[in-house]
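Have a look at the structure below, then the notes.
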Amino acid sequence: MCRRFCIYILLIFISSCDNHEPNFRALAAEIAIIECRAEKLKDHRFALADKMRFKQDTILEKSKDTMELLNQLVEMEKEKQVLLTQSLQLADTIKQKMEFLMTNYLTDKKRENEFNQFLMEEIKKNKGH
10 MCRRFCIYIL
20 LIFISSCDNH
30 EPNFRALAAE
40 IAIIECRAEK
50 LKDHRFALAD
60 KMRFKQDTIL
70 EKSKDTMELL
80 NQLVEMEKEK
90 QVLLTQSLQL
100 ADTIKQKMEF
110 LMTNYLTDKK
120 RENEFNQFLM
130 EEIKKNKGH
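Residue numbers (this note's numbering): 10 to 138.
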C-alpha cells in the first residue's frame with residue numbers, strides 16, 4: 010500500500026514537471042489520507058491498550074480464568090506490535106513527504122501557508138468519513 014502511494018506521488022511530481030509546480034491540493038489530499046489512517050491506528054492502539062490493562066487487572070485479582078486471559082494478552086501484544094509498526098511506517102511516510110515538499114517546493118511562507126490550508130481542509134474532509 011505504501012509502495013503504491015509512493016509511486017502515485019512520484020507520478021504526480023513527474024506529471025507536474027512541465028510547470029515545475031506540484032499539485033499542492035492533490036499532495037495535501039494524499040498526505041491527509043495517510044494522516045487520518047495514522048490517527049485511526051493510534052486510536053485502535055489506545056483502545057487495545059485499555060483492553061490489555063483491563064485483562065491485566067483481572068489477572069491480578071486472581072481470576073479463575075488466568076490462563077485464558079494470559080493467552081489473550083499474548084495475542085493482544087502481537088496485535089499491538091503490528092499496529093505500532095504500521096503507525097511508525099505511516100509516520101515515516103508523512104515525515105519523508107513533508108521534508109521533500111519543504112525542501113523542494115514549500116520554500117516560502119506563501120506556498121507553505123497555501124499547502125497547510127489545503128492539508129487542513131483535506132484532513133477535515135477525511136475525518137468526516
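A virtual CB, placed ideally from N, CA and C, is assigned to each residue, including glycine. None of the values given here were measured: they were computed from a predicted structure.
- K49 sits in a helix when the DSSP states are folded into three classes.
- In this structure, DSSP gives L115 a state outside helix and strand, which the three-state scheme calls coil.
- Only residues of its own chain outside the window of five on either side were considered, and among them I132, N135, K136 have a CB closer than 7 Å to the CB of C45, listed in chain order.
- DSSP, reduced to helix, strand and coil, places S72 outside both helices and strands of the structure shown, so it counts as coil.
- Counting of Cβ neighbours within 10 angstroms places T102 among the buried residues, the total reaching 16 or more.
- In this structure, L115 and E121 form a Cβ contact; the two beta carbons are roughly 4 Å apart against a cut-off of 8 Å.
- Rounded to whole angstroms, the separation of the alpha carbons of I68 and D74 is 8 Å.
- Straight-line spacing of the CA atoms in K87 and M61 works out to 12 Å.
- The beta carbon of H53 sits closer than 8 Å to the beta carbons of L92 from its chain, once the five residues preceding and following it are set aside; these are given in chain order.
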